[in-house]
Amino acid sequence: MENTELDLLVIGGGITGSGIALDAVTRGLTTGLVEMQDFAAGTSSRSTKLVHGGLRYLKQFEVKMVAEVGKERAIVYENGPHVTTPEWMMLPFHKGGTFGPFTTNIGLRVYDFLAGVKKGERRKMFNPEVALEKEPLVKKENLRGAGYYVEYKTDDARLTIEVLKKAVQKGVLAANYTKVVEFIYNDKNRVKGVVVEDQISGEQYRIFAKKIINAGGPWVDNLREKDGSKKGKALHLTKGIHLVFPKEVFSLQQAIYFDTPDGRMIFAIPRENITYVGTTDTSYKGDIANPKMTIEDRDYLIDAIHYMFPSLNITADHVESSWAGLRPLIAEEGTDNPSEISRKDEIFVSDSGLISMAGGKLTGYRKMAEQAVNTVTKQLQEEEGIMYSKSDTVHLPIAGGEVGGSKGFKKYLERKTAEAVAEGLDEATAIYLIKKYGANFDVIFELYQTKQEEAKQAEIDPVVFAQLLYAMEYEAAYKPVDFFIRRTGALFFEIEWVKSHQEKVIDYMARTLNWTDDQKEMFTEELQQLLYDAVHPVAE
Numbered sequence: 001m002e003n004t005e006l007d008l009l010v011i012g013g014g015i016t017g018s019g020i021a022l023d024a025v026t027r028g029l030t031t032g033l034v035e036m037q038d039f040a041a042g043t044s045s046r047s048t049k050l051v052h053g054g055l056r057y058l059k060q061f062e063v064k065m066v067a068e069v070g071k072e073r074a075i076v077y078e079n080g081p082h083v084t085t086p087e088w089m090m091l092p093f094h095k096g097g098t099f100g101p102f103t104t105n106i107g108l109r110v111y112d113f114l115a116g117v118k119k120g121e122r123r124k125m126f127n128p129e130v131a132l133e134k135e136p137l138v139k140k141e142n143l144r145g146a147g148y149y150v151e152y153k154t155d156d157a158r159l160t161i162e163v164l165k166k167a168v169q170k171g172v173l174a175a176n177y178t179k180v181v182e183f184i185y186n187d188k189n190r191v192k193g194v195v196v197e198d199q200i201s202g203e204q205y206r207i208f209a210k211k212i213i214n215a216g217g218p219w220v221d222n223l224r225e226k227d228g229s230k231k232g233k234a235l236h237l238t239k240g241i242h243l244v245f246p247k248e249v250f251s252l253q254q255a256i257y258f259d260t261p262d263g264r265m266i267f268a269i270p271r272e273n274i275t276y277v278g279t280t281d282t283s284y285k286g287d288i289a290n291p292k293m294t295i296e297d298r299d300y301l302i303d304a305i306h307y308m309f310p311s312l313n314i315t316a317d318h319v320e321s322s323w324a325g326l327r328p329l330i331a332e333e334g335t336d337n338p339s340e341i342s343r344k345d346e347i348f349v350s351d352s353g354l355i356s357m358a359g360g361k362l363t364g365y366r367k368m369a370e371q372a373v374n375t376v377t378k379q380l381q382e383e384e385g386i387m388y389s390k391s392d393t394v395h396l397p398i399a400g401g402e403v404g405g406s407k408g409f410k411k412y413l414e415r416k417t418a419e420a421v422a423e424g425l426d427e428a429t430a431i432y433l434i435k436k437y438g439a440n441f442d443v444i445f446e447l448y449q450t451k452q453e454e455a456k457q458a459e460i461d462p463v464v465f466a467q468l469l470y471a472m473e474y475e476a477a478y479k480p481v482d483f484f485i486r487r488t489g490a491l492f493f494e495i496e497w498v499k500s501h502q503e504k505v506i507d508y509m510a511r512t513l514n515w516t517d518d519q520k521e522m523f524t525e526e527l528q529q530l531l532y533d534a535v536h537p538v539a540e
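One point on numbering: in UniProt numbering, the residue at position 336 of the sequence shown is 336, and numbering is uninterrupted.
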């Protein structure tokens, strides 16, 4: 990047920045991206892990947003069917609750219409008997029925990484652990570049670009302050936490979206061997890089579980893991309730020319990217007379998504599973890997087959070793937390797997990546702290 004249530099390697980089490079802009932590380390690995249409925003009459985001769900799914899957969601309604049979029926019908939901995924309405058949754990008392509709579940960090990998394949230069420490200005006080610091080596570099987009998520205002342009609207950070329970304790068979006595909406979602529940929504003023679950957060969700699933005797001791994330919302005057702050995205252009993108939702990342790059191409057209094409990402598969859409992926899964089993891999592992890596399964499987001896020497299971090599060589994983959280999601959903493999994985990464002894100690401590934080809340 230091030796390239960039048309655009994107600051921030979450889903927003990755989406912008992909949109920009496909229109012909020479594009770079820097991220001060690991890719997806902020909000983009700590969401509810749903590409959802925002049904609850109908209550706030955000019709345009529901329509736009709802339609985007299907696009995100078709472009990366390995990281996004349809999930039928049940919305039970009880006497005296937020939703009733009439409002739910109307709401879901409107939702189907606005979001352009395909025929096979349109809402259904259940009487109490059918609702309890679908999920016997739901509160029976005063149950009046349930709505049934489709959302899409995802792995948010892997979705981000796959978008960014596609951008890199198209020519984007991307670096993690690269922090912007200073802006560079021309004699007219217009921003023309940045000084970045390698967070591993401490070295500094100067990168120049015609346009710079600040897509720093919760850090957007920090960069606006650095630019001296933080005025007018500002970010309002809110925190959301999720709790993870083992399947044997919380044996949910059907994803549930339910209201709490205080009128908030909560998801309870079964996923492989766990069930997770979230999310809270509270204003946040602490350390942006390390939001933590508090006792109050944890107890709020446990109380919500007791309310909707009274037959379960869930206690704090049953929490297997958890995560906390921040929403970078745009503050609105006169609105103190975090749940009422709009999830809309906005673009701010400072006097220096710095373009900042804030707000928005995971689901709408592609449209947000389109708007941001439209701002850049319009400016470049006015300033240099260069005409760029319109966004072309609607039908562009992300990395791993080159399988012919959702229908093609089903055939791909069958074919590749059969091939892998014939070569000696067990069926469950083959399906797990194909669903995680999509079209890149071939690379993983080749690493599995050809690196058996190396895996043995490293004393690492060959399947884990193949994933580790892939994460390091193809996905820029540098620290243990990159691998155990962002590349595999294991710290959230398979915490025992992390505990059993961490020592050998850390030893191998240390040798291969030439960490110093101090680095090894520091990176190990970082992982240990996160393992501890996952089950130990802090006092309020």
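Note that beta-carbon positions come from the ideal geometry of N, C-alpha and C, so glycine has one too. Quantities reported herein were computed from a predicted structural model and do not represent experimental measurements.
Taking only three categories from DSSP, how would you classify residue i?
i, result
"Lys153", "strand"
"Leu433", "helix"
"Val536", "One detail in the question is off: residue 536 reads as His in this sequence, not Val. Coil."
"Thr377", "helix"
"Glu197", "strand"
"Phe465", "helix"
"Pro480", "helix"
"Phe183", "strand"
"Ala268", "strand"
"Val130", "helix"
"Pro291", "coil"
"Lys407", "helix"
"Thr524", "helix"
"residue 557", "Outside the shown range of the chain, which is 1 to 540, sits residue 557, and nothing can be said about it."
"Tyr148", "strand"
"Ile11", "strand"
"residue 550", "Beyond the ends of the chain as shown, which are 1 and 540, falls residue 550; an answer cannot be given."
"Ser399", "In the sequence as presented, Ser is not what sits at residue 399; that position holds Ala. If DSSP states are grouped into helix, strand and coil, Ala399 belongs with coil."
"Gly32", "strand"
Only counting the same chain, and skipping five residues up and downstream in sequence, which positions put a Cβ closer than 8 angstroms to that of residue i?
i, result
"Arg224", "Asn214, Lys230, Phe348, Ser350, Leu354, Ser356"
"Glu540", "Thr294, Ile295, Glu296"
"residue 556", "This structure cannot speak to residue 556, because the chain is shown only from 1 to 540."
"Ser389", "Arg27, Gly28"
Going by beta-carbon coordinates alone, are residue i and residue j separated by less than 8 angstroms?
i, j, result
"Thr26", "Lys170", "yes"
"Ala167", "Ala372", "no"
"Thr524", "Ile506", "yes"
"Thr43", "Leu326", "yes"
"Met1", "Gly32", "yes"
"Asp155", "Phe183", "no"
"Val180", "Val194", "yes"
"Thr104", "Asp259", "no"
"Phe208", "Glu5", "yes"
"Ile438", "His82", "According to the sequence displayed, residue 438 carries Gly and not Ile. Contact: yes."
"Leu513", "Val481", "no"
"Thr238", "Thr275", "no"
"Val63", "Leu114", "yes"
"Gln254", "Lys139", "no"
"Ile398", "Glu68", "no"
"residue 554", "Tyr448", "A query on residue 554 cannot be resolved here, the shown segment of the chain reaching from 1 to 540 and no further."
"Lys344", "Met65", "yes"
"Arg487", "Ala471", "yes"
"Phe483", "Leu469", "no"
"Asn290", "Pro246", "no"
"Ile302", "Val249", "no"
Whole-angstrom Cβ separation of residue i and residue j, contact assumed at under 8 angstroms?
i, j, result
"Ile200", "Tyr177", "5 angstroms"
"Phe441", "Ile434", "5 angstroms"
"Leu235", "Ala358", "6 angstroms"
"Ser311", "Val244", "20 angstroms between Cβ atoms; not a contact."
"Gly278", "Thr48", "5 angstroms"
"Val34", "Lys292", "Actually they are not in contact, since the Cβ atoms of Val34 and Lys292 sit about 26 angstroms apart, beyond 8 angstroms."
"Gly216", "Gly19", "Contact flag wrong, Cβ pair sits at about 14 angstroms."
In its own chain, which residues sit with a C-beta less than 6 angstroms from the C-beta of residue i, not counting the 5 before and 5 after it?
i, result
"residue 564", "Lying before the first or after the last residue shown, residue 564 is absent from the chain, which here runs from 1 to 540."
"Tyr152", "Val51, Arg73, Tyr77, Thr84, Pro86"
"Ala510", "Lys520"
"Asn374", "none"
"Pro270", "Leu252"
"Glu384", "none"
"Phe409", "Pro81, Val403"
"Leu380", "Ile386"
Please list, in chain order, all residues of the same chain as residue i whose beta carbon is under 7 angstroms from its beta carbon, the five residues on each side excluded.
i, result
"Ala146", "Met90, Leu91, Pro92, Phe93, Phe126, Ala131"
"residue 552", "Residue 552 lies beyond the stretch modelled for the chain, which goes from 1 to 540, so this question has no answer here."
"Tyr185", "Val191, Lys192, Ser352"
"Leu137", "Leu252, Phe309, Ser311, Leu312"
Check: Which parts of the stretch 60 to 124 are runs of the beta strand (DSSP E), unbroken and 3 residues or longer, counting only runs that do not cross its ends?
Finding: 84 to 94
Check: Could you give the uninterrupted runs of the beta strand (DSSP E) lying entirely in the stretch 198 to 278, keeping only those of 3 residues or more?
Finding: 204 to 214, 235 to 246, 255 to 259, 265 to 271, 274 to 278
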